[in-house]
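Q: Sequence order for the protein chains is B and S. For the first sequence, position 119 matches number 833 in this note's numbering, and the numbering has no gaps at all. For the second sequence, position 86 matches number 800 in this note's numbering, and the numbering has no gaps at all. Glycine included, every Cβ here is placed at the ideal spot set by N, Cα and C. Quantities reported herein were computed from a predicted structural model and do not represent experimental measurements.
There are 2 protein chains.
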Amino acid sequence: MADNADWVAAAETDPELACPTSAVVEIVFSRWTTPILWTLNRHGRQRFVELERRIGTITPKVLTQRLRQLERDGMVVRTYHPEVPPRVEYEISELGRSLAPLFAHLAEWAADNLDKVEQARHDYDTDPPK
Amino acid sequence: MADNADWVAAAETDPELACPTSAVVEIVFSRWTTPILWTLNRHGRQRFVELERRIGTITPKVLTQRLRQLERDGMVVRTYHPEVPPRVEYEISELGRSLAPLFAHLAEWAADNLDKVEQARHDYDTDPPK
DNA sequence: TATAGTAGGTACCTAGAGGAAAGTGACTAT
DNA sequence: ATAGTCACTTTCCTCTAGGTACCTACTATA
Chain B
715 MADNADWVAA AETDPELACP TSAVVEIVFS RWTTPILWTL NRHGRQRFVE
765 LERRIGTITP KVLTQRLRQL ERDGMVVRTY HPEVPPRVEY EISELGRSLA
815 PLFAHLAEWA ADNLDKVEQA RHDYDTDPPK
Chain S
715 MADNADWVAA AETDPELACP TSAVVEIVFS RWTTPILWTL NRHGRQRFVE
765 LERRIGTITP KVLTQRLRQL ERDGMVVRTY HPEVPPRVEY EISELGRSLA
815 PLFAHLAEWA ADNLDKVEQA RHDYDTDPPK
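1) Contact defined as beta carbons within less than 8 Å: I believe residue 746(S) pairs with residue 816(B). What is the distance between those atoms, to the nearest angstrom?
2) When you compare only the Cα positions, how much space is there between residue 785(S) and residue 819(B)?
3) Of all Cβ atoms in chain B, is any one closer than 9 Å to the Cβ of residue 804(S)?
4) I'd like to know if residue 819(S) contacts chain B, where contact means its C-beta is closer than 9 Å to some C-beta of that chain.
5) So, with DSSP's three-state summary, where would you put residue 773(B)?
6) Can you grab the Cα-Cα spacing for the pair residue 755(B) / residue 813(B), in whole Å?
7) In whole angstroms, what separates the C-alpha of residue 763(S) from that of residue 800(S)?
8) I'd like the list of long-range same chain contacts for residue 811(S), defined as Cβ closer than 8 Å, with 5 residues on each side in sequence excluded.
9) Give every residue of the same chain whose Cβ lies closer than 6 Å to the Cβ of residue 794(B), excluding the five residues on either side of it in the sequence, and list them in chain order.
10) Determine the contact status of residue 768(B) and residue 760(B), defining contact as a CB-CB distance below 9 Å.
11) Verify whether the separation of the beta carbon atoms of residue 777(S) and residue 766(S) is less than 9 Å.
12) Roughly how many angstroms lie between the CA atoms of residue 782(S) and residue 788(S), to the nearest whole one?
13) Measuring CA to CA, which of 804(B), 735(B) and 737(B) is closest to residue 757(B)?
14) Express the C-alpha separation of residue 842(S) and residue 790(S) in angstroms, rounding to a whole number.
Structure (C-alpha cells):
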C-alpha cells in the first residue's frame with residue numbers, strides 16, 4: 715500500500731521543491747525535536763528540569779528555544795503555574811501524539827536496517843572506491 | 715498497532731540517549747538527504763547534472779558531499795564511466811528504497827496535519843502567550 | 001547570612017555547515 | 001583558436017546554531 719506509487723503520487727503535489735516532505739522534515743526532525751517529543755511521549759507531562767535531566771546533554775537555553783518552537787507549532791502544550799518557585803509543565807499535544815505511529819515506523823526501520831548502514835560504512839571505509 | 719506501546723517498547727532499546735531514533739534521523743533526515751533520495755526514487759538512475767537541475771537550489775559542492783555520504787551509508791549506488799566527458803550515474807539502493815513506505819507515511823502525515831501546524835503558528839503569533 | 005531551587009533570559013563567542021565563484025582535465029564540436 | 005561538457009575540487013566567505021557563563025525574582029532552609 716505504502717509503496718512506490720504513493721511516493722510518486724505525493725511528489726506531484728510539490729513539483730518545485732522536488733520533495734513534498736521538506737516542510738514536515740523541518741518541523742519534526744529539526745535538531746533536538748525528536749528527543750524532546752520522544753521523552754514527552756514516554757514520560758508524560760513533566761517539568762522543565764525533568765526534561766533537561768532526561769535528555770541529558772541539552773543546555774537550558776536550547777531546550778527553551780526548542781520547546782517554544784514546538785509550542786508554536788502546536789506539538790507541545792505549556793502550562794505555567796505562577797508560584798514561587800515557578801512551576802511550568804510541558805506535555806505532548808494531540809497533534810504531537812499523532813506522530814507516534816510515524817516514530818514507531820521509524821524505530822522499526824532502524825531496528826531492521828541500522829546494522830546494514832553500519833556494514834555499508836565499514837565496507838566503504840575498508841575498501842574506498844577509486 | 716503502531717501505538718504508544720510500540721513507542722515505549724522501542725524506547726527501552728536505548729535508555730541512555732532517551733531517544734532510539736536519533737541515529738536514524740541523522741542518517742535519513744540530515745540536510746538535503748530527503749530531496750536527493752526523493753528525486754532518485756522518483757526519476758530513477760540519473761547523472762550528476764540531472765540531479766543538480768532537478769533539486770534546483772543545491773550547489774555542486776554540497777551535492778557531492780551529500781552523495782558521498784549517502785553512498786557510504788549504502789543508500790545510493792554510484793557508477794563511474796571513464797569516458798570523455800566523464801559520466802557518473804547515481805541510483806537508489808535497495809536499502810534506500812526500503813525507506814519508501816516510511817516516506818509515504820511521512821507524506822501522509824504532512825497531508826493530514828500540515829495545515830494544523832499552520833493554524834497553530836497563526837494562533838500563537840496573533841495571540842502570543844504572556 | 002548565605003545557599004539552593006526554579007524557569008528561564010541575556011551577552012558573548014566559536015565551530016562548522018553551507019553558499020559563491022572559479023578552476024581542472026580531457027576531449028569534442030565549431 | 002575558442003568554447004563547451006561533465007563531475008567535480010578548491011578557495012574564500014558568511015551565517016547561525018549552539019555552547020559557556022552569568023543574571024533575574026522569590027522563598028525556604030541551614
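A: Reading it off the structure:
1) Between residue 816(B) and residue 746(S) the Cβ distance is about 21 Å, and since that is not below 8 Å, they are no contact.
2) Straight-line Cα distance between these residues: approximately 23 Å.
3) Taking 9 Å as the CB threshold, residue 804(S) stays off the interface with chain B.
4) Taking Cβ atoms only, chain B reaches closer than 9 Å to residue 819(S), which makes this a yes.
5) Three-state result, residue 773(B): coil.
6) About 10 Å.
7) Each residue's Cα considered, the two are about 12 Å apart.
8) Contacts found: 755.
9) Here the set comprises 802.
10) Between residue 768(B) and residue 760(B), the C-beta gap is smaller than 9 Å, which places the two residues in contact.
11) Cβ atoms of residue 777(S) and residue 766(S): closer than 9 Å.
12) Going from the Cα of residue 782(S) to the Cα of residue 788(S) covers about 10 Å.
13) Residue 757(B) has its Cα closest to that of 804(B), out of 804(B), 735(B) and 737(B).
14) Between the C-alpha atoms of residue 790(S) and residue 842(S) there is a straight-line separation of about 45 Å.
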